[in-house]
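See structure below.
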């Protein structure tokens, strides 16, 4: 929300003192009211979660290194928490916005997030992380533009659009949550939305111009394919990494992932279908929107364009073709290829196997046999205040153990500045999607079958794409390299929201015994405190 100059100046001074953010970098202020409201995405009235009356919520528009001051008022009747998918909170997991790190905003209260998009560019989104709220809305796009001094490897587009796609349910988030809490599985979705609409979403373009589409899959479980009738797309960016520019007829976007594509308006000036359809799902859902040329001479015509082959190999080959543009600068003027990740020695290999099953006659999901249960206190606060008994280090093993599924507050400790290999092993017949907070990683390999050390022979150690969310195909594996250069407590989770809610997540504790502020920031003075941290002082007197 706009503020006057004197008020903004006072806030800048105050926030600089409170949070020790970089004073010379610009500030952007947002004031958000989170409320319930009626929405009709699939033609029936539902109770949605709105931000400033909008579904989806407003975009966050920013530039590399901006400081974002986001004052969130919770007008709901239950606690609420926002998280920032892909935004790297350097040295500050306190504001990551998941329950393992951040206390929820109580009903009727507000909290001011301070985030710095330090050394970042690209396409991301925000979402509510508690109580299955994501099934009701509360999400929106985040775009981080390059500073004017850093060259971008393509001309400025004539338009820049957020395109939020995702599966959707007619049932309320409270009904869906109740089904999961009762021990049942999540049913199949009822439809697919484009920017909050089950049909009729419209983007505009002038003939002869190029537009940029920032596509994020903000749904709960379905992989989706995006395409535009009679138009090609050029992939240019994935979750903060400029890519080799490959031309695509359609693009698979798995749950939690974000992509940028350029679309050149080179067709006669009328309307064209935008199509989003589910992939690898028995629901077989499709929805359409419209790419409308200015001064269009007519509406859409012809059949809705079909999607790609249903075979996994098509999607796998597309994923392998997505590579970093090593000659492009990232958020700073050095080329992306200047970090030679393939020549760094791996200090540890972590293998994560997902599983589904019953615990105490209720549906649960697990990683390495452990189905995560939240503690009564955010784990990061327990660390900071040295509160014993909230969790124990080593409550999840770094290799599959072959045991029956069991419940625990699972935390895996890793060393600060370690360079690790993580292998996701998916023995199920569904496609999985995994996200790591606080870090970007290199996707070095993926293939069908069982991973073994010999699988490293097929790794891409030259120009793998760096991102924060990666898919794992059915009965397949995916390997990533991660530089654990961000101290804190970071959530590693399934992006299948029912699986995450019912235990398929854990926390990675990136640990150092250093107390230097160069390694980790102090807890924010305005941090909310809850559980066994209630009443403690955030800073020494």
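In mature numbering (1 follows the signal peptide of the UniProt record, and there is no 0), the protein residues as written are -23 to -1, 1 to 518.
Idealized CB from N, CA, C, for every residue including glycine.
Quantities reported herein were computed from a predicted structural model and do not represent experimental measurements.
{"query": "Contact between the region 381 to 389 and the region 475 to 484 (3+ Cβ pairs under 8 Å)", "result": "yes"}
{"query": "Own chain residues within Cβ distance below 7 Å of residue 394, not counting five before or after", "result": "461 and 462"}
{"query": "Backbone CA spacing between residue 396 and residue 457 [nearest angstrom]", "result": "11 Å"}
{"query": "Continuous beta strand (DSSP E) assignments of at least 3 residues falling wholly in the region 233 to 310", "result": "235 to 241, 248 to 256 and 263 to 270"}
{"query": "Distance between residue 198 and residue 345 (C-alpha atoms, nearest Å)", "result": "21 Å"}
{"query": "Given 8 Å, three or more beta-carbon pairs between the region 53 to 63 and the region 99 to 115", "result": "yes"}
{"query": "Unbroken stretches of the beta strand (DSSP E), 3 residues or longer, contained in the region 375 to 423", "result": "383 to 385, 388 to 392, 396 to 403 and 409 to 413"}
{"query": "Buried/exposed call for residue 20, threshold 16 Cβ in 10 Å", "result": "exposed"}
{"query": "Cβ pair residue 7, residue 64 closer than 7 Å", "result": "no"}
{"query": "Beta-carbon gap between residue 139 and residue 36 smaller than 7 Å", "result": "yes"}
{"query": "Whole-angstrom distance between residue 113 and residue 588, CA atom to CA atom", "result": "Given that the chain is displayed from residue -23 to residue 518, the structure contains no residue 588 and the question cannot be resolved."}
{"query": "Inter-stretch contact (C-beta, 8 Å, three-pair minimum) for the region 188 to 202 and the region 242 to 257", "result": "yes"}
{"query": "Residues of its chain near residue 271, where Cβ-Cβ distance is below 8 Å and the 5 sequence neighbours each way are ignored", "result": "181, 182, 183, 184 and 246"}
{"query": "contact_flag[the region 309 to 328, the region 372 to 379] where n(CB pairs < 8 Å) is 3 or more", "result": "yes"}
{"query": "Residue burial classification, residue 207 (beta-carbon count within 10 angstroms, cutoff 16)", "result": "exposed"}
{"query": "Selection from 453, 365, 232 and 306 that minimises the alpha carbon distance to residue 477", "result": "232"}
{"query": "Stretch-stretch touch, CB-based, cutoff 8 Å, three pairs: the region 492 to 500 with the region 442 to 452", "result": "no"}
{"query": "Residue -3 (DSSP reduced to helix, strand or coil)", "result": "Residue confidence for residue -3 is low, a pLDDT of 45 falling below 50, so the modelled location carries little weight; the figure read from the coordinates is stated next. Looking at residue -3 - three-state DSSP - the assignment turns out to be coil, as it is neither helix nor strand."}
{"query": "Start-to-end residues for the beta strand (DSSP E) that takes in residue 161", "result": "No beta strand (DSSP E) holds residue 161; DSSP gives it neither H nor E."}
{"query": "C-beta contact flag for residue 302 and residue 84 at 7 Å", "result": "no"}
{"query": "Contact between the region 428 to 439 and the region 354 to 363 (3+ Cβ pairs under 8 Å)", "result": "no"}
{"query": "Identified DSSP bridge partners for residue 343", "result": "332"}
{"query": "Top-ranked residue by Cα proximity to residue 173, from 153, 408 and 147", "result": "147"}
{"query": "Neighbour-count burial assignment, residue 369, 16 or more Cβ in a 10 Å radius", "result": "exposed"}
{"query": "Cβ-based burial, residue 318 [other Cβ within 10 Å; buried from 16]", "result": "buried"}
{"query": "Buried versus exposed, by CB contacts within 10 Å (16 or more), residue 154", "result": "buried"}
{"query": "Residue from 308, 406, 215 and 469 whose Cα sits closest to the Cα of residue 333", "result": "406"}
{"query": "Cβ-based neighbour list, residue 168, same chain, cut-off 7 Å, excluding 5 preceding and 5 following", "result": "19, 145, 175, 262 and 264"}
{"query": "Secondary structure, beta strand (DSSP E): runs of 3+ residues fully inside the region 173 to 226", "result": "179 to 182, 187 to 194, 200 to 205, 210 to 215 and 218 to 225"}
{"query": "Reduced DSSP secondary structure (H/G/I, E/B, other) of residue 362", "result": "helix"}
{"query": "Member of 442, 188 and 260 whose CA lies at the smallest distance from the CA of residue 239", "result": "188"}
{"query": "For residue 404, the nearest candidate out of 158, 156 and 331 (CA to CA)", "result": "331"}
{"query": "Cβ-Cβ distance between residue 450 and residue 289 below 7 Å", "result": "yes"}
{"query": "Residue from 75, 31, 30 and 452 whose Cα sits closest to the Cα of residue 468", "result": "75"}
{"query": "Residue nearest to residue 166 in terms of C-alpha spacing, selected from 86, 250, 499 and 475", "result": "475"}
{"query": "Cβ-based neighbour list, residue 160, same chain, cut-off 7 Å, excluding 5 preceding and 5 following", "result": "338, 339 and 340"}
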